[in-house]
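Take 146 as the starting number for the sequence shown in the working numbering and just add one per residue. Right, one structure below, let's go through it.
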Amino acid sequence: KYLFQEKKKPTDNTENHDDDNDVRRSNSLSYGRLEALLSVVDVTKWTEKSRTNAWQTKYDELCDFYDCYGHSNVPQDYSENFALGQWVMNQRTEYKRYLAGRNTSLTLERIELLTKVEFCWDSQAYKWYCQLERLKAYQREHGHVNISKKDDENYDLRLWVIRQRQHYNKLLRLQKILEETDGLPPLSGKLSPMTHERIKALEEVPEFEWSSRRSYTSITEGPSSEEWAELFNKIREKGMDAEPELKKNRFEDDIEKEWTDEEDLIQLWNMEEEDE
């Protein structure tokens, strides 16, 4: 406590002055004693052991998180353990340094330990799985994944779902090209970020469909042809024209706008070019 502490000039009004001096003498080290201590203690190993214990403590906390939630994608701002979220983010940074051959605290042994809990090394993949967890939570709360464009809180999630369907269709087109060209990749264009693992993960979400139109089957199912014929007969019986001139009104404009998804297309166009 009193190591390298400056000596204070004695004052006449200090109480128990002698007792304070005794405490300071018993808790201080002279430079000579300090040098002697450092000569027999390897401070580097001492510090390294402390860091190893700290890393192991956080790893154990990550294992508890994995056992609880089934994955190790701890949010960066994880409210229940903010330090753990920051530690996980730091491991991804250290992994980049490791791949680049730079000095890092991440060893091969630690990489193997993190791999055991399915650690996500790629920050983009981490963001993708965060969105997937949001989609699962939305489905559990609402019973479906048809996110309305009027849902401001989840509008970014709606766009994310649209992009996943686009990536899936792009993957199908790419596979068709590979079949037609005997496995040769296309000369231009980016490959789809959609993988078989991601396809499986999305298909495990209840109510998820690759075609957005199929999701609205229950909404778009209308009267049968027989029911329409019966309705027109009743109209004719009342002397009304069963085939009046169609007039486009505001309500029809709203319907057309809903199905064209123009707002979604504009938002997707203005989004940054990210594969995820």
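Yeah, the Cβ is synthetic: ideal placement off N, Cα and C, and Gly gets one too. Note that this is a predicted model, so its numbers are computed, not measured.
Neighbour-count burial assignment, residue i, 16 or more Cβ in a 10 Å radius
i, result
"residue 213", "exposed"
"residue 378", "exposed"
"residue 309", "buried"
"residue 343", "buried"
"residue 323", "exposed"
"residue 244", "exposed"
"residue 381", "exposed"
"residue 400", "Unreliable placement is indicated for residue 400, whose pLDDT of 40 sits below 50; the coordinate value is still reported in the next sentence. Looking at its Cβ environment, which holds fewer than 16 other Cβ atoms inside 10 Å, residue 400 is exposed."
Length of the line joining the Cα atoms of residue i and residue j
i, j, result
"residue 320", "residue 306", "21 Å"
"residue 198", "residue 224", "24 Å"
"residue 275", "residue 376", "50 Å"
"residue 104", "residue 215", "Because the chain is modelled from 146 through 421, residue 104 falls outside the range shown and cannot be assessed."
"residue 318", "residue 356", "15 Å"
"residue 248", "residue 348", "41 Å"
"residue 353", "residue 311", "14 Å"
"residue 239", "residue 228", "16 Å"
"residue 374", "residue 300", "41 Å"
"residue 201", "residue 291", "43 Å"
"residue 270", "residue 279", "14 Å"
"residue 149", "residue 178", "Low per-residue confidence applies at residue 149: pLDDT is 37, beneath 50, and the placement is therefore not dependable, though the value from the model is reported in the following sentence. Straight-line Cα distance between these residues: approximately 12 Å."
"residue 302", "residue 284", "12 Å"
"residue 256", "residue 265", "11 Å"
"residue 316", "residue 384", "56 Å"
"residue 289", "residue 326", "39 Å"
"residue 254", "residue 222", "27 Å"
"residue 258", "residue 208", "10 Å"
"residue 298", "residue 241", "33 Å"
"residue 250", "residue 235", "10 Å"
"residue 304", "residue 287", "18 Å"
"residue 246", "residue 175", "43 Å"
"residue 396", "residue 371", "Note that residue 396 scores 42 on pLDDT, short of 50, meaning its location in the model is unreliable and no value can be drawn from it."
Rounded distance between the beta-carbons of residue j and residue i, thought under 8 Å
i, j, result
"residue 350", "residue 294", "Not confirmed; about 20 Å, so no contact."
"residue 263", "residue 217", "6 Å"
Of the residues the options, the one placed nearest residue i, counting alpha carbons only
i, options, result
"residue 210", "283, 230, 354, 327", "230"
"residue 272", "337, 220, 298, 249", "220"
"residue 205", "346, 261, 285", "261"
"residue 314", "222, 236, 340", "340"
"residue 252", "316, 325, 196, 373", "196"
"residue 345", "277, 285, 382", "277"
"residue 268", "237, 255, 222", "237"
"residue 226", "242, 235, 327, 203", "203"
Enclosing alpha helix (DSSP H) for residue i [first to last residue]
i, result
"residue 265", "Premise fails: residue 265 is in no alpha helix (DSSP H) and is neither H nor E."
"residue 303", "300-325"
"residue 344", "341-348"
"residue 232", "227-244"
Chain C contact for residue i (CB, 8 Å cutoff)
i, result
"residue 245", "Chain labels in this structure do not include chain C; a single protein chain is all it has."
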